[in-house]
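Chemist: Before we start, here is the structure in question, set down as structure tokens.
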Amino acid sequence: MTALLEVEDLRVAYGKIEAVKGISFTVESGQVVTLIGTNGAGKTTTLRTLSGLLKPSSGKITFDGKPLTGVAAHKIVALGLAHSPEGRHLFPRLTIEENLQLGAFLRKDKDGIEKDIQRVYELFPILGERRKQASGTLSGGEQQMLAMGRALMSRPKLLMLDEPSMGLSPIMMKKIMETIRELREQGTTILLVEQNAQAALTLADHAHVMEIGRIALSGTGQHLLHDESVRKAYLGED
Amino acid sequence: MSELPQQLANGLILGAMYGLIAIGYTMVYGIVQLINFAHGEIFMVGGFGALSVYLALPTGTSLALALPVMLLGGIAVSVLVGIAAERFAYRPLRGAPRLAPLITAIGLSIALQQAIWKWYPDGKQARVFPQFKGRALDILGATVQRGDLFVLIAAPLCMIALGFFVARTRSGRAMQATAQDPDTAKLMGINTDRIIVLAFAIGAAFAGVAAVAYGLRTGEVQFRMGFIMGLKAFTAAVLGGIGNIYGAMLGGVVLGIAEALATAYVEDIPGMQQFGGGAWKDVWAFVLLILVLLLRPQGLLGERVADRA
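Going down the list, the protein sequences come from chains A and B.
What the first sequence shows, in UniProt numbering, is residues 1 to 238, in sequence order.
What the second sequence shows, in UniProt numbering, is residues 1 to 309, in sequence order.
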């Protein structure tokens, strides 16, 4: 079986500075794959390139059997790749419900969209209670829920989450991680970028450690969770 | 001393024109953070488009019959020029330093003015624009020329249509999303290039409507008319809060009324006799702009810049 997402020798540069220096990895349907690593490792750059916001300088991206390189960002979501960006990036002056509707911008099935909005409200009841509220007025955790819900609204084959736990309280972080686990159990394929390595590795089927633009180490989540160098570098152990 | 209702009517008519043009500045700025300083000329060519249509009709066609076609002609010319400006002048400069599109806009302004000057038949002089015949109307104590009814009807209709479009349609929602966060709008599947073209097109269409109103009011169109009208409309957009469509119309009306009142009443203020009359109206318009920028930099209906993420 071929992988849902295949990344081969991907390179991305900002001007002369190369942020991603030839990485390769795959995501199989139904898996949770995580990219961990410090700030500036190239994780966010990788996701932004996959969703078409950045152009790679070389390399190959194949998604669901189709090449993604050179495809405009607004066409990529139609292929089934949804991206919940770092820092949530909601539309602050639109309401919760309007943000969710935008997540389903390309869909035409009104009933299905309405059903999926209700599904998001079941997943995150607080969003349902505040559906008419401008999203810019939500707390960080609520914004993260909405960003995830919005990404789900396109019914993606692959959901990319960039730093979903960033800036959240421990309780909220736990809630978000539980939601990701729930989504995985429902069969959603997820590519997760996280600085919180412990949480990410616990959830992941497969994990890659990125260091200054390269994949330094790969393995199953459990394997890396117990790897000594990872424990030292990312899990804060001496 | 002139009567107040008359001055308010004059201000409202002028202000509605400013407001219609200001929409173009504010929509484009709201989406690409670009001040399209060629917008005054997009307004100007619309006037010539409408005039050309009129001249192409059989002589003796009544203006009432001709007006809808002239309006379409004016809008079409403005929209075509607006879309071409976006496609060939501004799009290649997206991501360039801000000075580049600004200089391009000034160059485009001069080019459009000179094109009319050189190639429009008798374009070096003011060309006569058809006028409605018949006596002026008396409305609530003000004398209103028949031609001015056009803008008093068209401006509110345009605003209602635009408000509906932005709030209720799929493209309007996409436009709001693009204005608030263009990259994320792309992630939703929105073709932001198309939305930018749409913003230019709508702004240009409103400028075309304003150009017909201008022609009907002043009885002429000429290649320079976009300069001062564009500057005033830009002032109106800033006054109302740039990026806000209702602010643009409000700013236009406030500016128009302020000009009319200043023209009529400043000379009655003791010691200010020499600053009254029509010669000083532009000065008062810009004094108003400076005051608003000092006291409320975000404009009348604008949001603080920090809120735009």
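Positions of the beta carbon are idealized from the N, C-alpha and C atoms, including for glycine.
Can you check the segment 203-278 of chain B for any alpha helix (DSSP H) of at least 4 residues that lies completely inside it and give the ranges in chain order?
Modeler: Those alpha helix (DSSP H) runs which fall completely within the segment 203-278 of chain B and span 4+ residues are 225-240 and 245-265.
Chemist: Enumerate in chain order the residues of its own chain whose CB-to-CB distance from Ala260 (chain B) is below 6 Å, with the five nearest sequence positions on each side excluded.
Modeler: Translated into positions along the second sequence, residue 260 (chain B) becomes position 260. Result list for Ala260 (chain B): Gln7, Asn10 and Gly11, in chain order.
Chemist: So, do the segment 125-139 of chain B and the segment 207-216 of chain B have three or more beta carbon pairs nearer to each other than 8 Å?
Modeler: With a cut-off of 8 Å, the segment 207-216 of chain B and the segment 125-139 of chain B count as touching, because enough Cβ pairs lie within range.
Chemist: Suppose contacts are defined by Cβ-Cβ distances below 8 Å. Is Gly40 (chain B) in contact with Val77 (chain B) by that definition?
Modeler: The residue labelled residue 40 (chain B) in the question sits at position 40 within the second sequence. The residue labelled residue 77 (chain B) in the question sits at position 77 within the second sequence. Not a contact, by the Cβ cut-off of 8 Å.
Chemist: Using a cut-off of 7 Å between C-beta atoms, extract the partners of residue 352 (chain B) located in chain A.
Modeler: Shown here, chain B extends from 1 to 309; a query on residue 352 (chain B) therefore has no answer.
Chemist: Please confirm whether Leu301 (chain B) and Leu255 (chain B) have their CB atoms less than 8 Å apart.
Modeler: Mapped onto the second sequence, residue 301 (chain B) falls at position 301. Mapped onto the second sequence, residue 255 (chain B) falls at position 255. Result no, Cβ atoms of Leu301 (chain B) and Leu255 (chain B) do not sit closer than 8 Å.
Chemist: Around the C-beta of Ile171 (chain A), are 16 or more other C-beta atoms found within 10 angstroms, so that it is buried, or is it exposed?
Modeler: As a working mapping, residue 171 (chain A) is identified with position 171 in the first sequence. When all chains shown are included, Ile171 (chain A) counts as exposed.
Chemist: Please go through the same chain and pick out, in chain order, the residues whose beta-carbon is closer than 6 Å to the beta-carbon of Ile215 (chain A), but skip the five residues on each side of it.
Modeler: Sequence index remark: in the first sequence, residue 215 (chain A) carries index 215 (1-based). Correct list, in chain order: Ile23 and His208.
Chemist: Answer yes or no: does any C-beta atom of chain B fall closer than 8 Å to that of Arg184 (chain A)?
Modeler: Here residue 184 (chain A) corresponds to residue number 184 of the first sequence, with the count starting at 1. Closer than 8 Å: no.
Chemist: Could you say which of A:Arg93, A:Ala204 and A:Lys232 lies nearest to Gly219 (chain A) if we only look at CA atoms?
Modeler: By 1-based counting over the first sequence, the position of residue 219 (chain A) is 219. The candidate whose alpha carbon is nearest that of Gly219 (chain A) is A:Ala204.
Chemist: Just to make sure I have the definition right: I need the residues of chain B whose C-beta is within less than 7 Å of the C-beta of Leu102 (chain A). Which are they?
Modeler: Walking along the first sequence from the start, residue 102 (chain A) turns up at place 102. Neighbours of Leu102 (chain A) on chain B, chain order: Arg173, Ala177 and Met188.
Chemist: Using three-state DSSP, classify Tyr14 (chain A) as helix, strand or coil.
Modeler: By 1-based counting over the first sequence, the position of residue 14 (chain A) is 14. In the structure shown, Tyr14 (chain A) sits in a strand (DSSP, three-state: E or B).
Chemist: Of all the options B:Ala236, B:Asp282 and B:Asp181, which has the alpha carbon lying nearest to the alpha carbon of Leu94 (chain A)?
Modeler: Here residue 94 (chain A) is taken as the residue at index 94 of the first sequence, counted from 1. Minimum Cα distance to Leu94 (chain A) is reached at B:Asp181.
Chemist: If I'm right that Gly167 (chain A) touches Gly187 (chain A) with Cβ under 8 Å, what's the distance once you round it to whole angstroms?
Modeler: As a working mapping, residue 167 (chain A) is identified with position 167 in the first sequence. As a working mapping, residue 187 (chain A) is identified with position 187 in the first sequence. Their Cβ separation, rounded to whole angstroms, is 29 Å, which puts Gly167 (chain A) and Gly187 (chain A) out of contact at 8 Å.
Chemist: Quick check on the DSSP output: what are the complete alpha helix (DSSP H) runs of length 4 or more inside the segment 43-115 of chain A, in order along the chain?
Modeler: Entirely contained in the segment 43-115 of chain A, the alpha helix (DSSP H) runs reaching 4 residues are, in chain order, 43-50, 73-76 and 96-103.
Chemist: Quick check for students: name the residue ranges of the alpha helix (DSSP H) that lie wholly in the segment 125-153 of chain A, counting only runs of 4 or more.
Modeler: For the segment 125-153 of chain A, whole alpha helix (DSSP H) runs of length 4 or above, ordered along the chain, are 125-129 and 140-152.
Chemist: Could you tell me whether the Cβ atoms of Glu163 (chain A) and Ala41 (chain A) are closer together than 8 Å?
Modeler: As a working mapping, residue 163 (chain A) is identified with position 163 in the first sequence. As a working mapping, residue 41 (chain A) is identified with position 41 in the first sequence. The answer is no: Cβ separation not under 8 Å.
Chemist: Taking 8 Å as the cut-off, does the segment 141-152 of chain A touch the segment 83-93 of chain A (at least 3 CB pairs, one atom from each stretch)?
Modeler: The segment 83-93 of chain A is in contact with the segment 141-152 of chain A.
Chemist: Between which two residues does the alpha helix (DSSP H) harbouring Gly107 (chain B) extend?
Modeler: In the second sequence, the residue the question calls residue 107 (chain B) occupies position 107. Note, Gly107 (chain B): alpha helix (DSSP H), Leu99 to Trp119.
Chemist: Using a C-beta to C-beta distance shorter than 8 Å, which residues of chain A count as neighbours of Gln33 (chain B)?
Modeler: Your numbering for residue 33 (chain B) matches position 33 in the second sequence. None at all; the shortest Cβ gap to chain A is about 16 Å.
Chemist: Might you give, ordered along the chain, the residues of its own chain that have their beta carbon closer than 7 Å to the beta carbon of Val144 (chain B), omitting 5 neighbours on each side?
Modeler: As a first step, residue 144 (chain B) is located in the second sequence; it is residue number 144 there, counting from the start. Closer than 7 Å at Cβ, skipping near neighbours: Ala9, Ala136 and Leu137.
Chemist: Cutting at 6 Å between CB atoms, please list the residues of its own chain near Glu97 (chain A), excluding the five before and the five after it.
Modeler: The residue given as residue 97 (chain A) occupies position 97 in the first sequence. Closer than 6 Å at Cβ, skipping near neighbours: Arg131.
Chemist: Provide the residue(s) that pair with Arg127 (chain B) in DSSP beta bridges, ordered along the chain.
Modeler: As a first step, residue 127 (chain B) is located in the second sequence; it is residue number 127 there, counting from the start. Partner(s): B:Val221.
Chemist: So, for Gly141 (chain B): in the same chain, excluding its five sequence neighbours on each side, which residues have a beta-carbon less than 8 Å away from its beta-carbon?
Modeler: Here residue 141 (chain B) corresponds to residue number 141 of the second sequence, with the count starting at 1. Once the five neighbours on either side are set aside, the close Cβ partners of Gly141 (chain B) are Glu3, Pro5 and Gln6.
Chemist: Please tell me whether Val77 (chain A) has its Cβ less than 8 Å away from any Cβ of chain B.
Modeler: What you label residue 77 (chain A) is simply residue 77 of the first sequence in a count that begins at 1. Yes - at least one Cβ of chain B is within 8 Å of the one on Val77 (chain A).
Chemist: Quick one: which chain B residues come within Cβ less than 8 Å of Phe63 (chain A)?
Modeler: For the purposes of this step, residue 63 (chain A) is taken as the residue at position 63 of the first sequence. Going along chain B, no residue has its Cβ under 8 Å from Phe63 (chain A), so there is no contact; the nearest lies around 15 Å.
Chemist: Distance check for Ala205 (chain B) and Gly74 (chain B), CA to CA, integer angstroms please.
Modeler: The residue you call residue 74 (chain B) lines up with position 74 of the second sequence. The residue you call residue 205 (chain B) lines up with position 205 of the second sequence. Straight-line Cα distance between these residues: approximately 8 Å.
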